[in-house]
Structure formats: C-alpha cells, structure tokens
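14 is the number of the first residue of the sequence shown in the working numbering; add one for each residue after it.
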Amino acid sequence: MGKLDGRVVIVTGAARGQGEQEARLFAAEGARVVLGDVLDDQGEALAKELGDGVAKYVHLDVSQEEGWVRAVGVAKDTFGKIDGLVNNAGILRFNELVNTPLEEFQQIIQVNQVGAFLGIRTVAPEIEAAGGGTIVNTASYTALTGMAYVGAYAATKHAILGLTRVAAMELAGKGIRVNAVCPGAVDTPMTNPAALDPTADPAESAAAVAGLYKKLVPLGRIGRPEEVAALALFLTSDDSSYITGQPFVVDGGWLAGVSIG
Ligand code: NAD
C-alpha cells in the first residue's frame, strides 16, 4: 500500500529538479500527479514515463492566474478531484540589492511569491471540496536567514513562511494542512546551471559544487532532490496528520550554527 493511495496532487515546477523527484516519489506512493511547468517538452516526457492514468502534464506558468484556472480544470477532468498541492516552482537570480533592477525584483516576487499565493487561492477550495488534504510550499533556508546577493529571492522565501502560517490557520477548519519545506543547497539546475551548459565540462562543474558544499555543510555534501521529495511526501501523507503551519529545514545541518575551521 502506498502512502498516497487515492490522492490527486498538483506539483508545480515538476519538469525537473525537486519537483520532478516529488512527482516521481508521489506516483510511486500511489498518487495521481498533475505536473505543471513552463518546460513543456520535459514535463510531457516525464508524464509519459510515469504513465497515463498516473500523471498528466499541463502548461502552467504559476505567475499567471489563468494558468491556474486551466490547470485545475485539467486536473479535475483527468482525475476527478484535487486533494494536494506542492507549490514548488521557483526562480533564483543573483544580484546585489543596490544593483537589482525593479523589473528583476518584481519578476522574482511574481513567480515565487505571487505564484504560491495564486496556487493556494485557486486550489484550496478544490481540496476542501474533495474532503480535505494538504498544501506544501517550497521556501528555502534563505527563508530563515540572510544570504548576500539573493535579496529578492530571500524576500520571497521569507514571505512564503508568512503565507504558510496564515493559510494553515485559515484552512485548518476546512481540513487542509499547510506546511513549508526549507531546503539548503540541493543538486539541481538551480544551484548548478553549468550542468545545463553544453560548453561546460560537467565533471568540472560537479567537482566545483561538491568542493564548495563539503566545506560549508556539516554533513559534508550538497543535498539530493530526492531528499527534499521525501520531506514533501511526509508533509503530504497522513504521517504528518497533526502538523500544520510549520517550516521544515532539510539542509544537511547548514543552519545549525557557525562552523569553525
Ligand atoms: P530547478 O530550476 O531545477 O526547477 C525549478 C522548476 O520550476 C523548473 O522546472 C522550472 O521550469 C519551473 N519554473 C520556473 N518558473 C516557473 C513558472 N513561472 N511557472 C511554472 N514553473 C516554473 O530548481 P529546483 O532546485 O528544483 O527548485 C525547486 C524549488 O526549490 C524552488 O522553489 C527553489 O526556489 C527551491 N529551492 C531550491 C534550492 C536548491 O538548492 N536547489 C534550495 C532552496 C529552495
């Protein structure tokens, strides 16, 4: 028996990285999954691999309200209901605050923060209609501490925790639990864009990333997207039935304190 048997979960940003691993794990645990992303070829390919009747891809730009309405329609037409949402889609840009163009700051807010808000607002009534369920928002360790050169991103991730707490309070009476995952550094194209660059040496860029996190993270390595997916599964399944409104850090100990040496 799977931990998500009978469940129907929308995962945003599901074409690659953490969202992809969440979709794979949830499907393996018995859920039917709706994969939303803007990377249509990769999303379609993943849905095909997971199989008809298990996964359905839908083009969903989380920053746009009409995309959410369409995704909910596709999910209900395909699987009959929705009782879970993982707000995973996100973007990262590096810039000093004083050099960040307003347009860039607003774009990051629109995807990371407004995207999660629209997801909660559009999908929560469907989850309620299905008899209750779960929402998992993707924050970050930068929701709990600062990090130079990612000001806009960190601001949105702090905001995700505020949204999570308020949504948890407002939706508890409707049978919906809302929690947040706060990953540290995780090995995806977001942290290692060189892996997507055909001109870069993949072994060299992997070695550079590995070397950096060996020093910074107490557990001595970067995280795997599967390790974030395991936490998202916990928060989506009944294993977390008495937990709502909380941030959960998955970071190899990075936030535990300041290391010496
Ligand atoms: P990723 O870049 O590999 O994946 C992000 C996915 O989101 C991609 O498939 C992308 O196409 C999709 N996406 C981007 N904009 C979108 C939009 N407007 N609408 C729909 N989909 C969109 O990165 P990842 O590491 O898998 O990131 C997943 C989440 O985890 C993000 O919210 C990110 O901020 C968060 N996070 C990542 C790390 C890390 O170290 N990788 C750490 C903390 C938090």
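Built from N, CA and C at the ideal position, the CB exists for glycine as well.
So VAL22 packs on VAL99, CB below 8 Å; how close in whole Å?
6 Å
Quick check: the stretch 182-195 against the stretch 119-139, are at least 3 beta-carbon pairs closer than 8 Å?
yes
Using the Cβ count rule (16 or more neighbours within 10 Å means buried), how would you classify PRO260?
buried
Distance, GLU141 Cα to THR257 Cα
16 Å
Classify LEU98 as helix, strand or coil using the three-state DSSP reduction.
strand
7 Å Cβ shell around GLY290 - same chain, five flanking residues per side excluded
Outside the modelled stretch of the chain, which goes from 14 to 274, sits residue 290, for which no answer is possible.
Spell out the partners DSSP gives ILE122 in its beta bridges.
For ILE122, which the question treats as bridged, DSSP gives no partner whatsoever.
Comparing the CB of ASP54 with every heavy atom of the ligand NAD, is any distance shorter than 8 Å?
no
Straight-line Cα distance separating VAL191 from ALA44
The C-alpha of VAL191 is placed about 18 Å away from the C-alpha of ALA44.
9 Å Cβ cutoff, VAL124 in contact with chain D
Absent from the structure: chain D. Only one protein chain is present.
Measure how close the beta-carbons of VAL124 and VAL75 come, nearest whole angstrom, since I'm counting them as under 8 Å.
6 Å
Between the beta-carbon of LEU105 and the beta-carbon of VAL163, is there less than 9 Å?
yes
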